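FYI, the numbering for the sequence shown is -19 to 358, going by our numbering. By construction, the Cβ of each residue, glycine as well, lies at the ideal position given by its N, Cα and C atoms. Since the structure is predicted, the reported quantities are computational estimates derived from the model, not experimental observations. Below: one structure, written as structure tokens.
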Amino acid sequence: MSNISTLSSEQAKDNLHDTVGEVKPHAKRRGRLKRTDIKEVLSLRLGRYPFRGGIDRYIESRKGSWNTKTTKKEERRKLEQIGKELEALKAQGRISTTDPRHLTRSDVQEYMVELRKVDPSFQNKQIGRLKRYMAFYKNHVIEEMKNEGFRMPKTPRKPIRALSEDELYAVFGCLDELKRWPGSVARGLMALSFATGRRPSELRLAHMEDLNLRKRTFFVRYPKGEGNWASPEEVGIIREDMVPLIERYVRERAAHLQKKKAANAIALFPNTLSTNGFYSANRFNQIKHKVEVLSGVDFKLKDFRSTLTTITINGDMSRVIGMSVQLGHMDPNTTLKSYNRIERSVARKRLKDVWRESPIMVSKTPSIENRFEMTGYG
């Protein structure tokens, strides 16, 4: 049994006050805790594993706020991950509880110490996710820590990577070596990513009818920010050299679905083993990894987006607005800033081989100074 279920209502109420601070008369005005909220929250039964036990209720409360099923699925997965990590910390005696209503400042700090093992940007996202989840259960410890000046992990500004021509040749040159259906998906995915510059999720959730090779267009059915600042839109397939690979994928897709007796599959990249017919982001990355191994190039699917940007603009600023529309940016300044960051990254690569223009000759084997005698020779 969880500790929560054995607490009396009065004890639990006291604990909640310790966690979120004393309820003050102006709490309602500040949008903070109300006594009725405390009573309602404490009456919930979250089970043996309270953090994970409360996820369904939280996910349901976000209906209308998240725009796609994938967001809900991804959020659930990340919260489940936090829950398991907290359970491990509790088993080690490092935190007092896993109940989102009663996590203390000390518990949060211990979790943050554990998070230092991962990338700062991921730390930032997980802390933000935990903050929203705890706030839903009327626990505002993280918000109070921030207000008191507690330093939270920050997302570093990373350079945007663009693939070089050699890397592109290596990636697309190895695709024929990939066999069976995963090979077909890899060819179609890489080609369409580079031809449109759209986000991996926008391709993953696309329908077959969204691809129009005759008109050389692609309909982005589920753009990032859908319902908030973005709407479905049609963009061009602007790399004609990718069309043969895309056409090949369409033929291989039809043959695969006929073999699987799933000719009515709606997904552009259908997963006949999935209940919803679409690939997960994780499975897309597994297919991408096969390409990395064969090509010897480490990359992310979103790198095709930045690569297309730098190759297309290529110093001609008059192309920024058109590229902004192609990428799905609301503001051309976003595209321009991204392009400048890409160019800074590319510039570093260009400097790498500049030394070849004026090499300093160095002996392949260090010379032996005269003061050392060679022995063993007649």
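### Query
Applying the criterion that 16 or more other CB atoms from any shown protein chain within 10 Å of the CB defines a buried residue, is Y149 buried or exposed?
Counting from 1 along the sequence shown, the entry for residue 149 is found at position 169. That one is exposed.
### Query
Hey, R285 and T292: beta-carbon distance below 8 Å or not?
For the purposes of this step, residue 285 is taken as residue 305 along the sequence shown, with counting starting at 1. For the purposes of this step, residue 292 is taken as residue 312 along the sequence shown, with counting starting at 1. Result no, Cβ atoms of R285 and T292 do not sit closer than 8 Å.
### Task
Kindly list the residues whose CB is nearer than 6 Å to the CB of G308, restricted to its own chain and excluding five residues on each side of it in sequence; keep chain order.
Taking the first residue of the sequence shown as position 1, residue 308 is located at position 328. Counting only Cβ-Cβ distances below 6 Å, and skipping sequence neighbours, we find P203.
### Query
Rounded to the nearest angstrom, how far is the Cβ of P312 from that of S304, given a contact under 8 Å?
Within the sequence shown, the letter at position 332 stands for residue 312. Within the sequence shown, the letter at position 324 stands for residue 304. That pair is a contact at about 4 Å.
### Message
Could you give the first and the last residue of the continuous beta strand (DSSP E) run that contains E214?
### Response
Translated into the one-based positions of the sequence shown, residue 214 becomes position 234. From DSSP, the beta strand (DSSP E) with E214 extends over 213 to 216.
#### Entry: Residues near L281 in its chain [Cβ-Cβ closer than 8 Å; skip 5 each side]
Indexing the sequence shown from 1 puts residue 281 at position 301. Hits under 8 Å: L169, S173, P180, F264, N265, K268.
#### Entry: Spatial neighbours of P100 in its chain, beta-carbon cut-off 7 Å, leaving aside the 5 residues before and after
Taking the first residue of the sequence shown as position 1, residue 100 is located at position 120. Within the same chain, P100 has close Cβ partners P133, K134, T135, P136.
### Message
Which of the three DSSP states is assigned to H269 in this structure?
### Response
One-based indexing of the sequence shown puts residue 269 at position 289. Helix.
### Query
When the distance is taken between beta carbons, is G34 closer than 8 Å to Y91?
Residue numbering aside, residue 91 sits at position 111 when the sequence shown is read from its first letter. Residue numbering aside, residue 34 sits at position 54 when the sequence shown is read from its first letter. Going by C-beta atoms, Y91 is not nearer than 8 Å to G34.
#### Entry: Close-in-space but distant-in-sequence residues of the same chain around I322 (CB under 7 Å, 5 per side omitted)
Reading the sequence shown from its first residue, position 342 is the one you call residue 322. These residues qualify, in order along the chain: I140, A142, S286, T289, T290.
#### Entry: Buried or exposed by the 16-neighbour rule on C-beta atoms within 10 Å, applied to I75
Taking the first residue of the sequence shown as 1, we reach residue 75 at position 95. Counting Cβ neighbours within 10 Å, I75 comes out buried, since at least 16 surround it.
### Task
Tell me whether R178 is buried or exposed, calling it buried when 16 or more other Cβ atoms sit within 10 Å of its Cβ.
The count along the sequence shown starts at 1 and reaches residue 178 at position 198. Result: buried.
### Task
Just tell me which of Y38, A242, D296 has its CA closest to the CA of E55.
The sequence position of residue 55 within the sequence shown is 75, counting from 1. Comparing Cα positions, the closest option is Y38.
### Query
From R201, R167, Y29, pick the residue whose C-alpha is nearest to that of E182; which is it?
In the sequence shown, the residue the question calls residue 182 occupies position 202. If we check each option's Cα against that of E182, R201 comes out closest.
### Message
Taking only three categories from DSSP, how would you classify K97?
### Response
For this step, residue 97 is matched to residue 117 along the sequence shown. It is coil, neither helix nor strand.
### Query
With DSSP run on the structure shown, which of helix, strand or coil describes A243?
Position 263 of the sequence shown holds residue 243. It is coil, neither helix nor strand.
### For L172: DSSP bridge partner residues
For the purposes of this step, residue 172 is identified with residue 192 of the sequence shown, where counting begins at 1. In the DSSP output, where bridge partners are listed per residue, L172 has none listed.
### Task
State the beta-bridge partners of F258 as determined by DSSP.
Residue mapping note: residue 258 aligns to position 278 of the sequence shown, counting from 1. For F258, which the question treats as bridged, DSSP gives the partners P250.
### Message
Which of the three DSSP states is assigned to H120 in this structure?
### Response
Reading the sequence shown from its first residue, position 140 is the one you call residue 120. Residue state, collapsed to three classes: coil.
### Message
Would you call the segment 214 to 230 in contact with the segment 189 to 199, where contact means no fewer than 3 C-beta pairs closer than 8 Å?
### Response
yes
### Task
Under 6 Å Cβ to Cβ from Q306, same chain only, skipping five residues before and after it: list those, please.
To locate residue 306, count along the sequence shown from 1; it is residue 326. G177, V215.
### Query
What is the DSSP secondary structure of F130, reduced to helix, strand or coil?
What you label residue 130 is simply residue 150 of the sequence shown in a count that begins at 1. In the structure shown, F130 sits in coil (DSSP, three-state: anything other than H, G, I, E or B).
### Query
If you draw a straight line from the alpha carbon of R233 to that of I246, how long is it in whole angstroms?
Here residue 233 refers to the residue found at position 253 when the sequence shown is read from its first residue. Here residue 246 refers to the residue found at position 266 when the sequence shown is read from its first residue. One C-alpha to the other measures close to 11 Å.
### Message
I'd like to check one pair, A166 with K270: are the Cβ atoms closer than 8 Å?
### Response
Position 290 of the sequence shown, counting from 1, holds the residue named residue 270. Position 186 of the sequence shown, counting from 1, holds the residue named residue 166. For K270 and A166, yes; Cβs fall inside 8 Å.
### Task
Would you tell me roughly how many angstroms separate the C-alpha atoms of L24 and V151, rounded to the nearest one?
Position 44 of the sequence shown holds residue 24. Position 171 of the sequence shown holds residue 151. When rounded, the distance between both Cα atoms is 53 Å.
### Query
Three-state secondary structure (DSSP) at F284?
Reading the sequence shown from its first residue, position 304 is the one you call residue 284. Three-state DSSP puts F284 in a helix.
### Through-space distance from F199 to E60, alpha-carbon basis
Indexing the sequence shown from 1 puts residue 60 at position 80. Indexing the sequence shown from 1 puts residue 199 at position 219. Roughly 33 Å separates the two Cα atoms.
### Query
In or out: G163 buried (at least 16 other Cβ within 10 Å) or exposed?
Start at 1 with the first residue of the sequence shown, and residue 163 comes out as number 183. Classification of G163: buried, given that the 10 Å Cβ count is 16 or more.
#### Entry: Segment limits, alpha helix (DSSP H) that includes F31
Your numbering for residue 31 matches position 51 in the sequence shown. Segment 30 to 33, the alpha helix (DSSP H) holding F31.
### Query
Does DSSP put K53 in a helix, a strand or coil?
Position 73 of the sequence shown, counted from the first residue, corresponds to residue 53. In this structure, K53 counts as helix in the three-state DSSP scheme.
### Message
Quick check: K138 and Q106, are their CB atoms within less than 8 Å of each other?
### Response
Reading the sequence shown from its first residue, position 158 is the one you call residue 138. Reading the sequence shown from its first residue, position 126 is the one you call residue 106. It is not a contact, given that the beta carbons lie outside the stated cut-off.
### Task
Pull up the CB-CB distance for Y29 and G63, whole angstroms please, since I reckon it's below 8 Å.
Mapped onto the sequence shown, residue 29 falls at position 49. Mapped onto the sequence shown, residue 63 falls at position 83. At roughly 7 Å, the Cβ-Cβ gap stays under 8 Å, so Y29 and G63 are in contact.
### Message
Closest to S211 by C-alpha separation, out of M310, G27, R85, would be which residue?
### Response
In the sequence shown, residue 211 corresponds to position 231, counting from 1. Nearest C-alpha to S211: M310.
### Message
According to DSSP, simplified to helix, strand and coil, what is F152?
### Response
Your numbering for residue 152 matches position 172 in the sequence shown. Helix.
### Message
DSSP three-state label for N192, please.
### Response
Taking the first residue of the sequence shown as position 1, residue 192 is located at position 212. N192: strand per DSSP, three-state reduction.
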